[in-house]
Each structure stands twice: as C-alpha cells, then as structure tokens.
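For reference, the structure is listed below as structure tokens.
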Amino acid sequence: MLVLVGSPRRRLSGWTACVVLGLTLLTACGTPATSAPTAPAPPAAPVAAAPPAPTHVSVAYPTRAMTMTGFYIATEEGYTREEGLDAEMVQMVGTLSAQSMIARQIDFGMSAGALLAARLRGAPTRVIFVQIDKPLYYLYAQPEIGTVLDLVGMSVGVSSVADSTQVAAMAGLAAGGVRPDQVTFIANVTGGQALAALQAGSVAAAVTSPPTDVATGRLGYRNLGFLGDHIAYLTAGLATHEETLRDRPDLVRAMVRAELKAHRYMQQYRAGTIAHMARFQEVPLEEAAIVYDRNLQHWTADGLSTPERLEEMLRTLRQELGIDEPVSPDDAFALSFTRQAVEELDRAGWRP
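Everything in the sequence shown is counted per the working numbering, starting at 32 for the first residue and increasing by one.
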C-alpha cells in the first residue's frame, strides 16, 4: 500500500512532477539518438598495373669502332628502355655472330656485312637496318706518290685477297685509270698494320679505315681518295634471324625504333656523339671528333638505302664471295620495319 505524505494538493503536485520526470528519463534512455546522414565512402582508386618487365635482347658487335657506336648510343641515351628493351651488347667477330644467330644464341647482330654474306650463302638471316651503305676505306700512299697512276707496277696492301678491302681498292684504282693487274696486292695488311707497312716501306699504298686513316694522314702519308665513292658496300647496320621476323615482329619494331633514334641523335648532336664515341672506342675526344667529322656524311639519312645501291651491294658481295647465283634485295633485306619506324617517328614529331 502506497502512503502519500503532506497535503493532498502538494502531494498531487509532487507526484505529478515525479511522473513527468520519470517519463522524460524513460524517453531519453529508450529512444536512440538520431544522427545526421553520412556520405557514402568514395570508391577505391584502381590499382595501377605494374609496367611490363623489359624484354631482354642480345646484340652482337665485332669491334669498338665508330661504325658500331649507334646501338651503344641507343642504350646510353635510354632509347632501348623507351622501347621496352633490356639490351645486352656482346662483342664477337662477324663470322661468329652469324653462327651464333643461326644457333639462336643471339638475337641481333651489327656485323651487317658478315650477316649479309651469310644470307648469300644460304643462312636464314636478313638485314633490317642500313646504317652505312659504302665502305669507309681510304687509300693512303707514300708521300712521293702523287696520284693513283703512280701506283702502276707497285704494291698495295689489303686485308685479304678478294675481301672488301681489295674489291674497294680495285674500284678506286679503276676510277683512276689503273687495272687490277697493274699492281701487286699484299694481303694481311689491315688496321694498324697498314700504317706499319707504309712506315716500313713494304707497300707503296694501303687501304685504311677509321681511326687508322687519321693517324696515317697525320704522319704525312698521301690520301689518294675515299674508296667509298666508287663502290656500294654494307659496312654497318642491323640484322636478325628470319624466325625472329616471323615470330617476334614487335621485338623487331622496338629494336629498329631504338636504333633509328640513335641514328638521328648521331646526325643532330655532334658534341654528344663525339663524347659517346670517345668512351665506346676508348680514344681521345680530339681523335673521335676527327673521325666523326670525316665520316658522318656517309651515314644513310634514315636507315634505308636506294634499290639501286642495295642491288650494287649484293653484286659487290657476290663478287667478293665468288657467288654466281643472283640474290634479290627483297630476299636479303627486310627494311619494311625501318620504313614503318621512320613514318612513326616523323608522325609523332620525335626529336632526340
């Protein structure tokens, strides 16, 4: 039994207040608080896919010469990385590079002349880039020799009988009115040996190439002319296996684009190219500059050559190798990749 204390009015008022207070507390405790609506969480940003790993590619080169500097520049200037390539340059002579390519031990070769010769002998190799389509040979003679005609009855040093140095020498002699049978060719006179043979007086003249020609001229021997004016010859370029052309065309395109970028760099940046040449060849900057200035004019404009020069290159090489069966440029060269690369870089306005 509930007992209320105090006057009826005050007791009623007190009771009412308690009831109201109780209801208020009950409402406060039993009703959840209403919060402001929250904005939906933003969608998670997509995770960027990792770039594909660069494709490893092996490139054989025969010697640290100016003619082999192009792909070195492609790696040093980052053009190979731009094309998604992890390029490895491997030094080996031209004949070995042809054998290694046939065995699929290397991917590309810069000894384009040797690889073209292998093609003429039936190997599955094709030239895809033409860097130099003439021999970088100079005919130097003893100081008392005035012209090519003065060599009649004398000896001329060449690397080997029937090789490119002798073929070029015969073309230069013929242009000056001298038949090949009017001189005696002395073999095993190559590179620095050409200068040594001239100094020893064992030859009246010798075929030289960069950088030996620079040293020979400095010592006072007479320059009888640039033999590349008289003959077409594949001195430098890029070649690969037919299976690579067929099965990995994207790789071939990437290689050609990197090589073409370096080719254009060499033609447009004298100081940078000379610095690269000096490091690659391990020669003084002054010597690299002379070689650059003397020979850059002989580079092809864009890695291509005319159909007429391609035909002449093949004739010259067949003569050197003693091959009678004709070979068409389409069978020996695959220059469509270079043509495509030229169009792509021109369309993009690419500059080194």
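Think of the CB as a built atom: it goes at the ideal place given N, C-alpha and C, for glycine as much as any other residue.
On a predicted model such as this, the values are computed, not experimentally measured, just so you know.
To which residues does DSSP link residue i through a beta bridge?
i: D117; result: H87
i: H307; result: Answer is none; H307 lacks a bridge partner.
i: S186; result: T215
i: T239; result: Y169
i: F160; result: L269
i: N254; result: Y171
i: F364; result: V158
i: W330; result: I163
i: S139; result: Correcting the residue type first, residue 139 is Phe in the shown sequence and not Ser. Paired residue(s): V90 and T271.
i: Q122; result: Y92
As a quick exercise: from the options, pick the residue whose alpha carbon is nearest that of residue i.
i: T239; options: A172, A302 and I262; result: A172
i: Q299; options: E317, D324 and M286; result: D324
i: F311; options: Y103, I217 and V358; result: Y103
i: G353; options: Q122, S195, D117 and R382; result: S195
i: T25; options: S191, L167 and D278; result: Because the chain here runs from 32 to 383, residue 25 falls outside it and cannot be looked at.
i: Y252; options: T126, V322 and Y169; result: Y169
i: N219; options: A205, V209 and A237; result: A237
i: T275; options: P83, P85, A84 and S89; result: S89
i: I217; options: A228, R210 and G223; result: A228
i: L376; options: I137, V358 and A293; result: A293
i: I176; options: G109, G256 and G140; result: G256
i: G222; options: T247, V209 and A205; result: T247
i: N326; options: D260, M344 and M123; result: D260
Please return the same chain residues whose Cβ sits closer than 6 Å to the Cβ of residue i, not counting the five positions on each side in sequence.
i: V373; result: D333
i: A320; result: I305
i: H87; result: D117
i: V466; result: Since the first residue shown for the chain is 32 and the last is 383, residue 466 is missing from the structure and cannot be characterised.
i: Q371; result: none
i: W381; result: none
i: S142; result: P93, G125 and S128
Measure the beta-carbon distance from residue i to residue j and round it to whole angstroms, keeping in mind my assumption that it falls under 8 Å.
i: I262; j: A199; result: 5 Å
i: V189; j: T331; result: So it is not a contact: roughly 26 Å between Cβ atoms.
i: A91; j: S131; result: 7 Å
Should residue i and residue j be called a contact, given that it needs their Cβ atoms to be closer than 7 Å?
i: P155; j: H272; result: yes
i: A235; j: S186; result: yes
i: A129; j: L147; result: no
i: P383; j: Y296; result: yes
i: T266; j: T126; result: no
i: M308; j: T106; result: no
i: V358; j: L151; result: yes
i: D138; j: S336; result: no
i: A379; j: T111; result: no
By Cβ distance below 8 Å, which residues in the same chain neighbour residue i in space, the five residues on each side in sequence not counted?
i: I133; result: A149, A154, P155, T156 and H272
i: D355; result: R349
i: G184; result: Q213 and V214
i: L258; result: P166, Y168, Y169, L170, A199, A200, A202, G203 and V238
Quick one: residues in its chain with C-beta nearer than 7 Å to the C-beta of residue i, no 5 flanking neighbours on either side, listed in chain order?
i: I159; result: L269, A270, T271, V283, V287, A365, L366, F368 and T369
i: E318; result: P242 and V245
i: A285; result: E114, G115 and L116
i: E342; result: P360
i: G207; result: T178, V179 and L180
i: R135; result: H272
i: A67; result: Unreliable placement is indicated for A67, whose pLDDT of 48 sits below 50; no coordinate value is reported for it.
i: A64; result: Below a pLDDT of 50, predicted positions are generally treated as unreliable, and A64, at 43, falls in that range; the measurement from the model is reported next regardless. Excluding sequence neighbours, A64 sits near nothing in its chain.
Taking 6 Å as the cut-off, is the beta-carbon of residue i closer than that to any non-hydrogen atom of the ligand FAD?
i: Y300; result: In terms of ligand content, the structure shown is empty, and the ligand FAD therefore cannot be addressed.
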